[in-house]
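In our numbering, the protein residues as written are 37 to 356.
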């Protein structure tokens, strides 16, 4: 929504290049929420696929002092995320996200930081996800997962869609799905090398929380997620270094087919925070049992197998 002088002034020239501006990384197909990941890994050889379209309004705006001309350096961004994944052993999930910015634009004007307005389409930084569910949900006890994300420098460092360097982020995800109500929380630390001269963003702490009641076949959702800068001597959780957003949505699963719509405002003026965002997703994720349901089914099958030989032996020695 805004650039503030306090968020950019670092005693030297600040580069616009090397910034992946968008503050939303869509979750893999099959997750309950759009921005906050879920900890559960329910399948074995369970394929996942999806496409997520995201539109962000005014994610980079310069508000000059003394009531000067407001410059929407990045007026809009439209991104398509193509996603594939696989769940293994009811414990491990691998996923890849290939983002392409279909359109973006703005007006740089005469800004004191030499920030350029982007135009046209651009590849983004490819994201690899590795999730391991270390604690499985049992009754009211939630699931917990370790998630490790890596961004490869496939984006355009001149167009706000890439950093020009590899980034990575270990995360802790805790949540539960009780059918009628699901929730999830997420805390992560992203490490990003800063180029010479610095840039708009460096390493960050990422976080989020989401809750979603089920109404018939529809899952409603409310999410709050964000990030705050931790590098370049910036003060974490200040208004200019923190990107905080909300998303409100609904999703529907019909067999293996998924659909989700969500929208919400930016809540701070941190760099990359849009004034408003819309999201649409279609996906494929075969239905999978919960951990409790799977354990119950396996126990019942084991009990039936154990009783089978006993009944046969009883019949062999019974009266002719």
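Positions of the beta carbon are idealized from the N, C-alpha and C atoms, including for glycine. All of these numbers come straight from a predicted model, not from anything done at the bench.
Report the CB separation of residue i from residue j in whole angstroms; it is logged as a contact under 8 Å.
i	j	result
residue 310	residue 94	6 Å
residue 225	residue 205	6 Å
residue 164	residue 186	5 Å
residue 179	residue 212	6 Å
residue 238	residue 267	3 Å
residue 75	residue 254	Residue 75 to residue 254, Cβ: 22 Å. No contact.
residue 307	residue 279	7 Å
residue 285	residue 257	5 Å
residue 88	residue 242	With 8 Å as the limit, residue 88 and residue 242 do not qualify as a contact, their Cβ atoms being about 18 Å apart.
Please determine, among the options, the residue with the shortest C-alpha to C-alpha distance to residue i.
i	options	result
residue 113	312, 181, 328 and 304	312
residue 136	123, 156 and 130	156
residue 145	213, 107 and 257	107
residue 303	324, 327, 260 and 289	260
residue 299	76, 308 and 282	282
residue 115	200, 323, 221 and 133	133
residue 91	97, 109, 207 and 59	59
residue 172	331, 344 and 343	331
residue 55	262, 189 and 120	189
residue 138	129, 125, 121 and 117	117
residue 252	223, 264 and 215	215
Within 10 Å of its beta-carbon, does residue i have 16 or more other beta-carbons around it, so buried, or fewer, so exposed?
i	result
residue 71	buried
residue 177	exposed
residue 103	exposed
residue 86	buried
residue 202	exposed
residue 69	buried
residue 61	buried
residue 288	exposed
residue 47	For residue 47, the predicted model reports a pLDDT of 31, less than 50, meaning its position is unreliable and no value from the coordinates is stated.
residue 158	buried
residue 340	exposed
residue 101	exposed
residue 148	exposed
residue 218	buried
Under 6 Å from any heavy atom of the ligand ATP, does the C-beta of residue i make it?
i	result
residue 192	With respect to small molecules bound, the structure shown includes none, and the ligand ATP cannot be examined in it.
Exercise. Spell out a yes or no on whether the segment 167–185 and the segment 139–154 are touching, meaning 3 or more CB-CB pairs, one atom from each, closer than 8 Å.
Key: Counting Cβ pairs under 8 Å, fewer than three are found: no touch.
Quiz item: Does the segment 291–301 touch the segment 63–73, meaning 3 or more C-beta pairs lie closer than 8 Å?
Solution: Taking a contact to require three or more Cβ pairs closer than 8 Å, the segment 63–73 and the segment 291–301 qualify as touching.
Exercise. May I ask you to verify whether the segment 76–93 touches the segment 335–345, counting CB pairs closer than 8 Å and requiring at least 3?
Key: The segment 76–93, when compared against the segment 335–345, does not touch it at the 8 Å Cβ threshold.
Exercise. Taking only runs that begin and end inside the segment 263–339, name each unbroken beta strand (DSSP E) of 3 or more residues, in chain order.
Key: Qualifying beta strand (DSSP E) stretches, in chain order: 278–290, 293–301 and 312–320.
Quiz item: In chain order, which continuous runs of the alpha helix (DSSP H) of length 4 or greater are located wholly inside the segment 149–173?
Solution: The segment 149–173 contains no whole alpha helix (DSSP H) run of 4 or more residues.
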